[in-house]
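Colleague:
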Amino acid sequence: MENDVIIDLNHIIKKFYIGKPNELEILHGIDLQVRRGEFVSIVGASGSGKSTLMNVIGILDRPTEGSYFLEGVDICKANDKEVSKIRNQKIGFVFQTYNLVARTSALKNVELPMMYAGVPKRERTKRAKELLKLVGMEERMNHTPDELSGGQKQRVAIARALGNHPAIILADEPTGALDSKTGRMIMDLFHKLNRENGITIVLITHSNELAEETQRIVTLKDGEIIGERKGEAYAV
Amino acid sequence: MKHMLFENIGAALAGIKANKMRSFLTMLGILIGIAAIIAIIMAGNGMSGYIENQMNSIGANRVEFYVTQRNWDDSTVTQKDSDLITQEMIRKVNQEFRDEIKDISLTTALGDGIVKEGKDYAKVSVLGANSSSMIWDDEEILAGRVILPSEQQNGANVAMVSDKFVNNMYKGDVDAAVGQEIDVQVNNQYYTYTIVGVYQSYTNQQMTGSSYDEVTTLYVPLKVVHRVVSNAVYVSSFDINGKDGVDSLDLANRITDYMNETFYSNNDNFMIDRYTMQEQAKMANQEIGMVKMVMGGIGAISLLVGGIGVMNIMIVSITERTREIGTRKALGATNGSIRMQFITEAIVICLIGGIMGLGLGVLLGGAITNAIGFPGKLTMENIIFCLLFSMGFGIFFGYYPANRAAKMNPIDALRYE
Numbered sequence: 005m006e007n008d009v010i011i012d013l014n015h016i017i018k019k020f021y022i023g024k025p026n027e028l029e030i031l032h033g034i035d036l037q038v039r040r041g042e043f044v045s046i047v048g049a050s051g052s053g054k055s056t057l058m059n060v061i062g063i064l065d066r067p068t069e070g071s072y073f074l075e076g077v078d079i080c081k082a083n084d085k086e087v088s089k090i091r092n093q094k095i096g097f098v099f100q101t102y103n104l105v106a107r108t109s110a111l112k113n114v115e116l117p118m119m120y121a122g123v124p125k126r127e128r129t130k131r132a133k134e135l136l137k138l139v140g141m142e143e144r145m146n147h148t149p150d151e152l153s154g155g156q157k158q159r160v161a162i163a164r165a166l167g168n169h170p171a172i173i174l175a176d177e178p179t180g181a182l183d184s185k186t187g188r189m190i191m192d193l194f195h196k197l198n199r200e201n202g203i204t205i206v207l208i209t210h211s212n213e214l215a216e217e218t219q220r221i222v223t224l225k226d227g228e229i230i231g232e233r234k235g236e237a238y239a240v
Numbered sequence: 032m033k034h035m036l037f038e039n040i041g042a043a044l045a046g047i048k049a050n051k052m053r054s055f056l057t058m059l060g061i062l063i064g065i066a067a068i069i070a071i072i073m074a075g076n077g078m079s080g081y082i083e084n085q086m087n088s089i090g091a092n093r094v095e096f097y098v099t100q101r102n103w104d105d106s107t108v109t110q111k112d113s114d115l116i117t118q119e120m121i122r123k124v125n126q127e128f129r130d131e132i133k134d135i136s137l138t139t140a141l142g143d144g145i146v147k148e149g150k151d152y153a154k155v156s157v158l159g160a161n162s163s164s165m166i167w168d169d170e171e172i173l174a175g176r177v178i179l180p181s182e183q184q185n186g187a188n189v190a191m192v193s194d195k196f197v198n199n200m201y202k203g204d205v206d207a208a209v210g211q212e213i214d215v216q217v218n219n220q221y222y223t224y225t226i227v228g229v230y231q232s233y234t235n236q237q238m239t240g241s242s243y244d245e246v247t248t249l250y251v252p253l254k255v256v257h258r259v260v261s262n263a264v265y266v267s268s269f270d271i272n273g274k275d276g277v278d279s280l281d282l283a284n285r286i287t288d289y290m291n292e293t294f295y296s297n298n299d300n301f302m303i304d305r306y307t308m309q310e311q312a313k314m315a316n317q318e319i320g321m322v323k324m325v326m327g328g329i330g331a332i333s334l335l336v337g338g339i340g341v342m343n344i345m346i347v348s349i350t351e352r353t354r355e356i357g358t359r360k361a362l363g364a365t366n367g368s369i370r371m372q373f374i375t376e377a378i379v380i381c382l383i384g385g386i387m388g389l390g391l392g393v394l395l396g397g398a399i400t401n402a403i404g405f406p407g408k409l410t411m412e413n414i415i416f417c418l419l420f421s422m423g424f425g426i427f428f429g430y431y432p433a434n435r436a437a438k439m440n441p442i443d444a445l446r447y448e
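Set out below in structure tokens:
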């Protein structure tokens, strides 16, 4: 189990405006594997293609060429409805801007992916409460997003991402909108979830400092992986 | 999909609550449309009920025959006694059609008069009538009895008065009124009658002002009036009631033809025409139908405008919530569940508008039917129809915006500012 590959990207090419004069190739053949229980960071400057790569990993977008297996499922062969289901079941998104649903309590926000999965009301409320407790937000579960601070919102978002026991957490600049102290707390939470709960995390960031905390750093430049190494904390 | 219904409704209500003013204005078109439709249904039902009631009380088989001018453009023609209907003609008609005629009602007016007793007074219209023209149900006789055939025969000085007459003269005590002798002043002459019964009168809708001034009919035996009115042998009109199962319209036409051929073939200026309850009811129903169509048209236009308003606000709402839609998609919402969420929202808006419209419509319809005097009715089917109709509007006008939301690209939606 420890070593099974969850994300298997093979020679991923992503082009935009295909067939038009302004055709643009953003990803030039990415090969990347992520194993269960890993905490991987993908770093790169803006324009390096890391957002596009994140969209491909999160199946918000499909690669133009190449193959992508997520827990053995061939994503390229899935239709829209199946893709929605895979996103729902296997991927937990954490966004830079939290993206909690407005006017909806923290509890209901955490229940959302479980609702789309068809988990019965009683069961999903129970699990949502457990998850909010896990991220230390059980006290504020009935608050709406506008009553929460940035760090609190991000913790709710993390709880929400965990709802359906996803294969991976895909975190896109999760501390980007937070001050350094709160950002530290969020990173600590990710470490705790990875260490204690064995959750696989892919962190997309432009911050080398944060990347050094992770087990493996994948560096992206101009749509290509230019290097892979262990994070400082794990380097022996 | 079912497990999301309540979540969707809850989300829709939260959205409506967050934008109260906007939501209310959006609902207004639906509200007015449904209110107009409910009001016309009530008014229409009330009027139809009133006509039915009238037909039942007068008799659906009743036909009136009257003398009318052949050419209305000729203003030199004046009506003489010899142009009128005589008792003899009526007798012959009765004989000729005796298998089909149930009874003939004859009335002759003595005139309007007043009854005074100290400070109390009541205005009456004295009408001599035969038994056939005084048809009341048992519950319409509030006290005493009807005028007996023997009293008709003898021309007894007895009278039937209305409940309003009793209100004015005897403080509403109907039992006290029976047996009272009253002096009726008509054209400076006094006539003395004994009250034998009190009948229930229908409210005169056009009547305003004091109830003292309301004129009600005081019935006396036909012979009593004929004794006084010299030319009572001539009448300008008379009513018949067809026997049950007789086609009254056909009978009316045959009697009219018979009278015109037999009595009026030599009269260049006048002829007999007829007027049936059936035709009147049909005409009234046609008029009601017209009113319904006009009001229904207003309602329909309002609903259409309202529906477009709902569609517009849904498009605005969806644009505002682009990021939410992107987020939901990232969390695993299918296109179908996004579409369902926004259609549900449109349905909720329309349904709330519809329910408020129903309330307003009931008030409006109640006010209209009160003003014109027929009680308006609203059936459960009418209510259910209106609510289903508003929901249908929600689906129809919510579909396009909802579909637009469903088809959003999650990447663009998430990046939307």
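From first to last, the protein sequence lines are chains E and Z. Quick note: the first sequence, position 21, residue 25 per the numbering used here, numbers continuous. Quick note: the second sequence, position 375, residue 406 per the numbering used here, numbers continuous. A virtual CB, placed ideally from N, CA and C, is assigned to each residue, including glycine.
Which chain E residues are close to Z/R354, counting only those with a beta carbon under 7 Å from its beta carbon?
Modeller: Here residue 354 of chain Z is taken as the residue at index 323 of the second sequence, counted from 1. Those within 7 Å of Z/R354 in chain E are N103.
Colleague: Say whether the region 149 to 167 of chain E touches the region 107 to 127 of chain E, bearing in mind that this needs 3 or more beta-carbon pairs closer than 8 Å, one atom from each stretch.
Modeller: Output reads yes: the region 107 to 127 of chain E touches the region 149 to 167 of chain E.
Colleague: To which residues does DSSP link Z/A190 through a beta bridge?
Modeller: Translated into positions along the second sequence, residue 190 of chain Z becomes position 159. Partner(s): Z/I226.
Colleague: Could you check if Z/A49 is buried or exposed, using at least 16 other CB atoms within 10 Å of its CB as the buried criterion?
Modeller: In the second sequence, the residue the question calls residue 49 of chain Z occupies position 18. Burial call: exposed.
Colleague: How about the region 355 to 374 of chain Z and the region 408 to 415 of chain Z: do they share at least three Cβ pairs that are nearer than 8 Å?
Modeller: Contact fails: fewer than three Cβ-Cβ distances are below 8 Å.
Colleague: Give, in chain order, every residue of the region 36 to 59 of chain E whose Cβ lies closer than 7 Å to some Cβ of chain Z.
Modeller: Within the region 36 to 59 of chain E, the residues whose Cβ lies closer than 7 Å to some Cβ of chain Z are N59, listed in chain order.
Colleague: With three or more beta-carbon pairs closer than 8 Å as the criterion, would you say the region 122 to 136 of chain Z touches the region 221 to 228 of chain Z?
Modeller: With the cut-off at 8 Å, the region 122 to 136 of chain Z and the region 221 to 228 of chain Z do not touch.
Colleague: DSSP has E/A175 in a bridge; who is on the other side?
Modeller: One-based indexing of the first sequence puts residue 175 of chain E at position 171. In DSSP, E/A175 forms a bridge with E/V98, E/L207.
Colleague: Which residue from Z/Q216, Z/S164, Z/D151 puts its Cα closest to that of Z/M200?
Modeller: Translated into the one-based positions of the second sequence, residue 200 of chain Z becomes position 169. Comparing Cα positions, the closest option is Z/D151.
Colleague: Assign E/H195 to one of three DSSP states: helix, strand, or coil.
Modeller: As a first step, residue 195 of chain E is located in the first sequence; it is residue number 191 there, counting from the start. It is helical.
Colleague: Give the straight-line distance between the Cα atoms of E/S184 and E/G154, rounded to the nearest whole angstrom.
Modeller: Reading the first sequence from its first residue, position 180 is the one you call residue 184 of chain E. Reading the first sequence from its first residue, position 150 is the one you call residue 154 of chain E. Distance between the alpha carbons of E/S184 and E/G154: 12 Å.
Colleague: Spatial neighbours of Z/Q309 within its chain, please: CB distance less than 7 Å, with the 5 preceding and 5 following residues excluded, ordered by chain position.
Modeller: On the second sequence, position 278 is the one that residue 309 of chain Z refers to. Closer than 7 Å at the Cβ level, and outside the excluded window around Z/Q309, lie A91, S279, L280.
Colleague: Apply the 10 Å Cβ neighbour rule to Z/D270 and answer buried if 16 or more other Cβ atoms are within range, or exposed otherwise.
Modeller: Within the second sequence, the letter at position 239 stands for residue 270 of chain Z. Classification of Z/D270: buried, given that the 10 Å Cβ count is 16 or more.
Colleague: Where does E/Q158 land, buried or exposed, given buried means 16+ other C-beta within 10 angstroms?
Modeller: The residue you call residue 158 of chain E lines up with position 154 of the first sequence. Burial call: buried.
Colleague: Should the region 32 to 45 of chain E be regarded as contacting the region 130 to 141 of chain E, the criterion being three or more beta carbon pairs within less than 8 Å?
Modeller: Touching, no, given that fewer than three Cβ pairs across the two stretches are closer than 8 Å.
Colleague: Looking only at its chain, what residues have a beta carbon closer than 7 Å to the beta carbon of Z/Q85, apart from the 5 residues adjacent to it on each side?
Modeller: As a first step, residue 85 of chain Z is located in the second sequence; it is residue number 54 there, counting from the start. Taken in chain order, the list of residues that qualify is empty.
Colleague: May I have a chain-ordered list of the beta strand (DSSP E) segments no shorter than 3 residues that lie completely inside the region 91 to 161 of chain Z?
Modeller: Listed in chain order, they are 93 to 100, 132 to 136, 138 to 148, 151 to 160.
Colleague: Mind reading off the beta-carbon distance from E/I173 to E/V87? Whole number of angstroms is fine, and I expect it under 8 Å.
Modeller: Walking along the first sequence from the start, residue 173 of chain E turns up at place 169. Walking along the first sequence from the start, residue 87 of chain E turns up at place 83. 18 Å between Cβ atoms; not a contact.
Colleague: For a cutoff of 7 Å on Cβ pairs, would you count Z/A361 as touching chain E?
Modeller: Your numbering for residue 361 of chain Z matches position 330 in the second sequence. Interface residue, yes.
Colleague: With a cut-off of 7 Å, does the C-beta of Z/I442 fall near any C-beta of chain E?
Modeller: In the second sequence, counting from the first residue as 1, residue 442 of chain Z sits at position 411. Answer yes: the Cβ-Cβ gap between Z/I442 and chain E drops below 7 Å somewhere.
Colleague: Taking just the CA atoms, how far does Z/G429 sit from E/G187?
Modeller: Taking the first sequence and counting its residues from 1, the one referred to as residue 187 of chain E is at position 183. Taking the second sequence and counting its residues from 1, the one referred to as residue 429 of chain Z is at position 398. Answer to the nearest angstrom: the Cα atoms are 42 Å apart.
Colleague: Threshold first: 4 residues or longer. Then list the alpha helix (DSSP H) segments lying entirely within the region 336 to 399 of chain Z, N to C.
Modeller: Taking only runs of at least 4 residues, the alpha helix (DSSP H) segments lying wholly in the region 336 to 399 of chain Z are 353 to 361.
Colleague: Since E/I10 and E/R39 should fall inside the 8 Å C-beta cutoff, what is the C-beta to C-beta distance between them, to a whole number of angstroms?
Modeller: As a position in the first sequence, residue 10 of chain E is number 6, starting the count at 1. As a position in the first sequence, residue 39 of chain E is number 35, starting the count at 1. Sure, about 7 Å apart at Cβ, within 8 Å.
Colleague: Please compile the residues from chain E whose C-beta is within a distance smaller than 8 Å of the C-beta of Z/S368.
Modeller: Working through the second sequence from its first residue, we reach residue 368 of chain Z at position 337. Residues of chain E passing the Cβ test: Y120.
Colleague: Under a Cβ-count criterion, where at least 16 other Cβ atoms within 10 Å of its own Cβ denotes burial, should E/A237 be classed as buried or exposed?
Modeller: Working through the first sequence from its first residue, we reach residue 237 of chain E at position 233. So E/A237 counts as exposed.
Colleague: For Z/M35, go through chain E and note every residue whose CB falls closer than 7 Å to its CB, in chain order.
Modeller: Here residue 35 of chain Z refers to the residue found at position 4 when the second sequence is read from its first residue. Near Z/M35 (Cβ distances below 7 Å), the residues of chain E are M119.
Colleague: List, from N- to C-terminal side, the alpha helix (DSSP H) runs of 4 residues or more that fit wholly inside the region 49 to 132 of chain E.
Modeller: Here the runs fully enclosed are 54 to 61, 84 to 94, 110 to 121.
Colleague: In terms of residue numbering, what span does the alpha helix (DSSP H) encompassing E/H32 cover?
Modeller: As a working note, residue 32 of chain E is residue 28 in the first sequence. Per DSSP, E/H32 belongs to no alpha helix (DSSP H); it is in the beta strand (DSSP E), 28 to 39.
Colleague: Could you pull out every residue in the same chain whose Cβ sits closer than 7 Å to the Cβ of E/L193, ignoring the five residues on either side in sequence?
Modeller: The residue given as residue 193 of chain E occupies position 189 in the first sequence. V139, R159, I162, listed in sequence order.
Colleague: So E/A171 packs on E/E69, CB below 8 Å; how close in whole Å?
Modeller: The count along the first sequence starts at 1 and reaches residue 171 of chain E at position 167. The count along the first sequence starts at 1 and reaches residue 69 of chain E at position 65. So it is not a contact: roughly 24 Å between Cβ atoms.
Colleague: Confirm, please, whether the CB-CB distance from Z/L249 to Z/V155 is below 7 Å.
Modeller: Numbered from its first residue, the second sequence carries residue 155 of chain Z at position 124. Numbered from its first residue, the second sequence carries residue 249 of chain Z at position 218. Yes, Cβ-Cβ distance for Z/V155 and Z/L249 is below 7 Å.
Colleague: Measuring only between beta-carbons, confirm whether Z/E38 sits less than 7 Å from chain E.
Modeller: In the second sequence, counting from the first residue as 1, residue 38 of chain Z sits at position 7. So, interface residue.
Colleague: Alpha carbon to alpha carbon, how far is Z/A66 from Z/I121?
Modeller: Taking the first residue of the second sequence as 1, we reach residue 66 of chain Z at position 35. Taking the first residue of the second sequence as 1, we reach residue 121 of chain Z at position 90. Whole-angstrom Cα-Cα distance: 52 Å.
Colleague: Below 8 Å, how does it come out for the region 25 to 34 of chain E and the region 52 to 63 of chain E: are there three or more Cβ pairs, yes or no?
Modeller: With the cut-off at 8 Å, the region 25 to 34 of chain E and the region 52 to 63 of chain E touch.
Colleague: What distance in whole Å lies between the Cβ atoms of E/I208 and E/D176, which are believed to be in contact at a cut-off of 8 Å?
Modeller: On the first sequence, position 172 is the one that residue 176 of chain E refers to. On the first sequence, position 204 is the one that residue 208 of chain E refers to. Sure, about 5 Å apart at Cβ, within 8 Å.
Colleague: Residues of chain E with CB closer than 8 Å to the CB of Z/T365, please, in chain order.
Modeller: Taking the first residue of the second sequence as 1, we reach residue 365 of chain Z at position 334. Those within 8 Å of Z/T365 in chain E are D84, K85, S88, K89, Y120.
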